[in-house]
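Colleague: Going line by line, the protein sequences match chains A and B. First residue of the first sequence: 7, per the numbering used here; consecutive thereafter. First residue of the second sequence: 10, per the numbering used here; consecutive thereafter. For reference, the structure I am asking about is given below.
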Amino acid sequence: MPKKILIIDDDPVVVNYLKAVFSDNGYATCSASSSMEGLETVKAEKPDLICLDLQMPGEWGPRFYRKLRKDKELKDTPVIVVSGIDGDHAVKDAVAFVKKPFDPEKLVGIVKNTIG
Amino acid sequence: MLVDDEEGIRKVLGISLSDSGYTVFTAQSGEEALDIFRRENPAIVLTDIKMPGMDGIKLLRALKQENPDTEVIMITGHGDMDLAIKSLKYQAIDFVTKPINEDVLEIALNRAHEKIRMRQQLREYTENLESLVREKSAKLIEIERQVAVGQAVEGLSAAMRDMAVDLEGGLTYFNEMPCFVSIHSPELKVIAVNPLYRDRLGDKVGHDSWEVYEGKTGTKANCPAAETYNSGIGVRARATVKTASGDKAPVMVNTAPIRNQNGDVELVVEISADLAEVKRLQEELDRSQQRYQQLFDEVPCYISVQDRQFRLTAANRRFTEDFDTEYGAFCYEVYKHRNEPCPNCPVMKTFEDGQSHQTEMVVTSKAGERYNVLIWTAPLRNSAGEVTHVMEMSTNITQIRQLQDNLSSLGLKISSISHGIKGLLTGLDGGMYLVESGFNKDKPERVQKGWEDIKTIVGRIRKLVHNILFFAKERELKPTRIAGLNFAEDVAATVENRLKASGINFVRDFDDSVGMLRIDAGVLRLALINILENALDACLEDQTQNKHKIGFRVGQDAGQVIFEISDNGIGMDQETCEKLFTLFFSTKGNKGTGLGLFIAAKIVDQHGGKISVESKRGRGSTFKVSIPNIEPESAKTKENIE
């Protein structure tokens with residue numbers, strides 16, 4: 007079974023982009039357009055990795071991240087931050103920070119190193 | 010004085026301090042403490058740090074400013090070490106922590122006593138020293154003075170002696186004078202003249218004393234020398250002299266008799282000042298005084314002169330123009346409409362140390378406008394070298410400050426926009442990736458999707474660029490007359506296709522009676538399109554239903570043309586509505602720049618109109634723009650200039 011990646015970004019164009027990149031590299035994907043929706047999707051889909059944007063309407067990415075880390079079952083899910091703003095301080099132990107605009111090969115490389 | 014907001018501490022500590030022999034005043038707040046302090050002037054103040062209102066640190070600073078000799082002991086709660094250390098920085102003598110240990114308190118009090126005692130001793134020494142110095146220097150000055158007087162008397166008498174004995178030698182004293190000086194013999198002959206006399210009136214040595222004078226003065230009996238010999242006392246008179254070149258010049262003549270040892274008048278000294286010269290000098294003096302006055306009035310600064318009580322004693326024209334100046338009014342009243350001197354007053358500092366000081370302040374003019382001013386002070390001293398007044402020069406730097414604000418908002422803008430651009434680039438990358446990989450894998454639906462994404466992003470880029478261009482350039486309105494309905498139709502047509510493509514029902518509701526408008530159509534259109542596009546986004550984001558509708562109503566009401574744009578999208582909460590029109594406020598995450606509605610509001614404002622919004626979360630929003638259908642004042646003047 008392919009590994010599953012959850013994409014959380016409020017911009018549908020970016021979601022499409024990431025979905026295409028990951029599925030082209032043999033991963034399954036699911037997506038959410040807000041923090042709230044993201045939490046529900048994590049619980050329902052149990053992804054192997056999460057791609058998280060920081061600046062979104064409503065709740066920002068870091069808050070999603072804190073809620074995720076509080077959940078015992080989900081707290082070990084690796085998170086890659088993909089964002090246009092500097093958020094190193096906001097999400098402490100993310101696997102990587104990828105700045106928009108990003109190089110898709112590099113991103114896939116990080117994903118491969120993390121979940122194979 | 011003991012200051013604490015807790016009654017228990019005031020009571021217990023108050024009693025134990027009274028027992029130790031102190032007279033104790035208590036206060037329950039910083040403000041009360043200051044009142045008591047001004048009345049009683051206690052030497053030692055014990056104050057809690059944490060109090061509602063004016064806290065201990067503020068109180069400490071106020072006390073130290075009013076009387077630096079006051080010793081202040083801070084009472085701190087457990088773990089307020091930072092505050093305690095901060096208070097030491099502001100020159101508290103010590104601090105004690107709660108709960109208060111009597112021994113610790115005693116040590117702190119002793120320390121305060123020690124400091125007060127030392128300061129008193131130091132002051133006594135200094136004062137003794139000062140009075141000693143004063144005494145000695147007074148003596149020295151007295152001796153100096155006597156010596157100087159002695160020398161002057163000696164010099165004068167020597168001069169007189171020389172003159173009497175040796176006329177040639179005596180004359181050198183007159184050579185430098187800007188007057189005609191001559192010496193006359195009892196035979197009424199000129200026996201010596203100074204160079205100026207020779208230059209202007211001719212070398213009259215050996216001639217008759219009256220020869221240079223015109224009219225009655227120019228006769229043997231009435232010339233000043235003759236009168237002096239006759240009366241034995243000096244003469245002072247106006248007369249007219251004939252110059253060597255044949256001109257006539259008015260002069261003021263003074264004579265003095267010089268007597269021999271028998272008391273007889275032996276010689277007469279005649280000194281004449283050229284009145285034209287005197288007048289010329291006086292005019293020059295007046296002119297330079299006037300120049301100074303002009304300079305004082307015209308320099309591009311506010312200049313005022315203040316005494317030790319900060320009362321205005323002089324002010325230049327610019328100052329009087331912008332501020333209410335009544336001589337004797339207080340600077341802080343005139344400048345800041347305050348009732349007491351400002352903290353950090355540079356004038357006060359200059360009085361204290363005699364140095365020039367500089368500071369920046371915000372002052373309020375008599376018209377109520379606020380100016381940022383840069384203030385320089387300079388001491389004015391009396392002849393004894395004491396600073397009696399301070400001159401204050403303030404340069405109005407409001408415009409520089411505004412420019413600075415603009416620059417910093419520009420910086421903010423650039424960072425906000427650069428974030429937006431990163432999002433757009435990512436989107437373009439995404440679209441290109443889909444198109445490219447779609448072609449490679451021969452998946453036309455993927456190419457199609459990628460192309461749609463690219464179109465979306467290009468649309469966003471276009472909007473961003475428009476907004477930036479509008480924002481970057483402050484353009485003047487160029488209003489033209491346009492039929493209101495034509496304008497509305499044009500706006501509607503611009504967005505209609507896009508709305509329909511997104512499956513949204515676009516409803517026009519135009520009132521036919523709307524007449525002509527005077528607007529800058531291109532600019533106002535941008536504002537309305539920004540609002541319509543927001544309505545579109547609000548509908549697209551709302552996934553609770555799929556029957557979305559955007560209404561565009563145009564009507565009129567009380568001299569205003571109303572444009573109303575309503576949607577049934579996601580809506581906004583109260584807080585969002587309030588911030589909506591501020592710069593860089595965006596609810597759209599990566600997709601927004603926070604420019605659109607800010608610019609819309611600005612445009613409406615330029616047209617002399619109003620913009621408002623009503624919205625509820627989950628219920629949609631209604632934006633209302635009203636534009637006066639007479640032309641706006643600003644537009645009128647702009648057009649007249651053109």
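Where is the CB? At the ideal position from N, CA and C, for every residue including glycine.
By how many angstroms is the C-alpha of M60/B removed from the C-alpha of L434/B?
Modeller: The sequence position of residue 434/B within the second sequence is 425, counting from 1. The sequence position of residue 60/B within the second sequence is 51, counting from 1. So the two alpha carbons sit approximately 54 Å from each other.
Colleague: Is there contact here, the stretch 451-467 of chain B with the stretch 571-586 of chain B, by at least three beta-carbon pairs under 8 Å?
Modeller: Verdict: no, contact absent.
Colleague: Measuring CA to CA, which of L478/B, F519/B, V532/B is closest to T489/B?
Modeller: Taking the second sequence and counting its residues from 1, one reaches residue 489/B at position 480. Checked all of L478/B, F519/B, V532/B; the closest Cα to T489/B is V532/B.
Colleague: Would G178/B be called buried (16 or more neighbouring beta carbons within 10 Å of its own) or exposed?
Modeller: Taking the first residue of the second sequence as 1, we reach residue 178/B at position 169. Caution applies to G178/B, whose pLDDT of 41 falls short of 50 and renders its modelled position unreliable; the model cannot decide the point.
Colleague: Which one or two residues does DSSP pair with N381/B in a beta bridge?
Modeller: Within the second sequence, numbered from 1, the residue matching residue 381/B stands at position 372. According to DSSP, which records beta bridges pairwise, N381/B is partnered with V371/B.
Colleague: Taking DSSP as the reference, what is the three-state secondary structure of S40/A?
Modeller: For the purposes of this step, residue 40/A is identified with residue 34 of the first sequence, where counting begins at 1. Of the three classes helix, strand and coil, the one that applies to S40/A here is coil, per DSSP.
Colleague: Check for me: the beta strand (DSSP E) holding T85/B runs from which residue to which?
Modeller: On the second sequence, position 76 is the one that residue 85/B refers to. It spans 80-85 - the beta strand (DSSP E) in which T85/B sits, taken as one unbroken run.
Colleague: Following the continuous beta strand (DSSP E) through R326/B, name the residue where it begins and the one where it ends.
Modeller: Your numbering for residue 326/B matches position 317 in the second sequence. No beta strand (DSSP E) holds R326/B; the alpha helix (DSSP H) holding it covers 326-331.
Colleague: If I measure Cβ to Cβ from N391/B and keep anything under 8 Å in the same chain, skipping five residues before and after, which residues do I get?
Modeller: Looking up residue 391/B in the second sequence gives position 382. The answer, listed in chain order, is T397.
Colleague: Counting only Cβ pairs nearer than 7 Å, list the residues of chain B close to K81/A.
Modeller: On the first sequence, residue 81/A is found 75 positions in, with the first residue counted as 1. Those do not exist, as K81/A stays about 25 Å from chain B at its closest Cβ, beyond 7 Å.
Colleague: Cβ of I538/B within 9 Å of Cβ of F496/B?
Modeller: Position 529 of the second sequence holds residue 538/B. Position 487 of the second sequence holds residue 496/B. No, these two residues do not count as a Cβ contact at 9 Å.
Colleague: So the alpha helix (DSSP H) P637/B belongs to, where does it begin and stop?
Modeller: Indexing the second sequence from 1 puts residue 637/B at position 628. Counting along the chain, P637/B falls outside any alpha helix (DSSP H), though it belongs to the beta strand (DSSP E) covering 629-637.
Colleague: Of the choices D520/B, I242/B, R410/B, whose alpha-carbon is the least far from that of F572/B?
Modeller: Here the question's residue 572/B lines up with position 563 in the second sequence. Residue D520/B is the option with its Cα nearest to F572/B.
Colleague: Assuming A544/B is part of the alpha helix (DSSP H), what are its boundary residues?
Modeller: Residue mapping note: residue 544/B aligns to position 535 of the second sequence, counting from 1. Where A544/B is concerned, the enclosing alpha helix (DSSP H) stretches over 530-550.
Colleague: At the 9 Å Cβ level, is R626/B part of the contact set with chain A, yes or no?
Modeller: Here residue 626/B refers to the residue found at position 617 of the second sequence. R626/B does not count as touching chain A.
Colleague: Please check if any C-beta of chain B sits within less than 9 Å of the C-beta of A26/A.
Modeller: Position 20 of the first sequence, counting from 1, holds the residue named residue 26/A. Output row for A26/A: interface = yes.
Colleague: For N119/A, which residues in chain B fall below 7 Å Cβ to Cβ?
Modeller: Your numbering for residue 119/A matches position 113 in the first sequence. Under the 7 Å cutoff, chain B gives no residues; its nearest Cβ is about 21 Å from N119/A.
Colleague: With 16 as the cutoff for other CB atoms within 10 Å, does I13/A come out buried or exposed?
Modeller: Stepping through the first sequence from its first residue, residue 13/A is reached at position 7. Buried, because 16 or more other Cβ atoms sit within 10 Å of the Cβ of I13/A.
Colleague: Going by DSSP, name the residue or residues bridged to Y222/B.
Modeller: Translated into the one-based positions of the second sequence, residue 222/B becomes position 213. Y222/B is bridged to V250/B.
Colleague: Am I right that E40/B and M63/B are in contact with their C-beta atoms under 8 Å? What's the rounded C-beta distance?
Modeller: Working through the second sequence from its first residue, we reach residue 40/B at position 31. Working through the second sequence from its first residue, we reach residue 63/B at position 54. At roughly 5 Å, the Cβ-Cβ gap stays under 8 Å, so E40/B and M63/B are in contact.
Colleague: Express the C-alpha separation of Q299/B and A201/B in angstroms, rounding to a whole number.
Modeller: Counting from one through the second sequence, the residue named residue 201/B turns up at place 192. Counting from one through the second sequence, the residue named residue 299/B turns up at place 290. Cα-Cα distance, rounded: 41 Å.
Colleague: Helix, strand or coil: which one does DSSP assign to A230/B?
Modeller: Stepping through the second sequence from its first residue, residue 230/B is reached at position 221. In the structure shown, A230/B sits in coil (DSSP, three-state: anything other than H, G, I, E or B).
Colleague: Ends of the alpha helix (DSSP H) at R289/B?
Modeller: By one-based count along the second sequence, residue 289/B stands at place 280. Note, R289/B: alpha helix (DSSP H), 284-307.
Colleague: For S446/B, does the three-state DSSP call read helix, strand or coil?
Modeller: Working through the second sequence from its first residue, we reach residue 446/B at position 437. Correct three-state label for S446/B: helix.
Colleague: Using a Cβ-Cβ cutoff of less than 6 Å, which residues in the same chain neighbour K633/B once the five nearest sequence positions on both sides are dropped?
Modeller: For the purposes of this step, residue 633/B is taken as residue 624 along the second sequence, with counting starting at 1. For K633/B, where only same-chain residues beyond five positions count, the Cβ hits under 6 Å are E573, S621.
Colleague: For H346/B, count neighbouring Cβ atoms within 10 angstroms of its own Cβ and tell me buried if that reaches 16, exposed if not.
Modeller: Position 337 of the second sequence, counted from the start, is the residue given in the question as residue 346/B. So H346/B counts as exposed.
Colleague: Report the partner residues of Q569/B according to the DSSP bridge assignment.
Modeller: Sequence index remark: in the second sequence, residue 569/B carries index 560 (1-based). Looking at the DSSP assignment, Q569/B forms a beta bridge with D566/B, P637/B.
Colleague: Curious, which full-length alpha helix (DSSP H) runs of at least 4 residues does the stretch 22-84 of chain A contain?
Modeller: Segments of the alpha helix (DSSP H) lying fully in the stretch 22-84 of chain A: 41-51, 67-76.
Colleague: Among S624/B, N76/B, E498/B, whose alpha-carbon lies nearest the alpha-carbon of L589/B?
Modeller: Here residue 589/B is taken as the residue at index 580 of the second sequence, counted from 1. Of the listed residues, the one whose Cα sits closest to L589/B is S624/B.
Colleague: Does chain A have any CB closer than 9 Å to the CB of T465/B?
Modeller: Within the second sequence, the letter at position 456 stands for residue 465/B. Yes, T465/B counts as interfacial toward chain A.
Colleague: A70/B to T404/B, Cα distance in whole Å?
Modeller: In the second sequence, residue 70/B corresponds to position 61, counting from 1. In the second sequence, residue 404/B corresponds to position 395, counting from 1. Note that residue 70/B is Arg in the sequence shown, not Ala. Their backbone Cα atoms lie some 30 Å apart in a straight line.
Colleague: If contact means a Cβ-Cβ distance below 7 Å, which residues of the stretch 544-557 of chain B contact chain A?
Modeller: From the stretch 544-557 of chain B, no residue has a Cβ closer than 7 Å to chain A.
Colleague: Report yes or no: is there a C-beta of chain B within less than 9 Å of the C-beta of D99/A?
Modeller: Position 93 of the first sequence holds residue 99/A. It does not; no Cβ of chain B falls within 9 Å.
Colleague: What does T264/B pair with, by DSSP beta-bridge criteria?
Modeller: What you label residue 264/B is simply residue 255 of the second sequence in a count that begins at 1. In the DSSP output, where bridge partners are listed per residue, T264/B has E279/B.
Colleague: Out of A393/B, A376/B, M357/B, which one is the CA nearest neighbour of V385/B?
Modeller: Here the question's residue 385/B lines up with position 376 in the second sequence. What sits at residue 385/B in the sequence shown is Trp, not Val. Nearest option by C-alpha distance: M357/B.
Colleague: Quick one: residues in its chain with C-beta nearer than 7 Å to the C-beta of R471/B, no 5 flanking neighbours on either side, listed in chain order?
Modeller: As a working mapping, residue 471/B is identified with position 462 in the second sequence. None.
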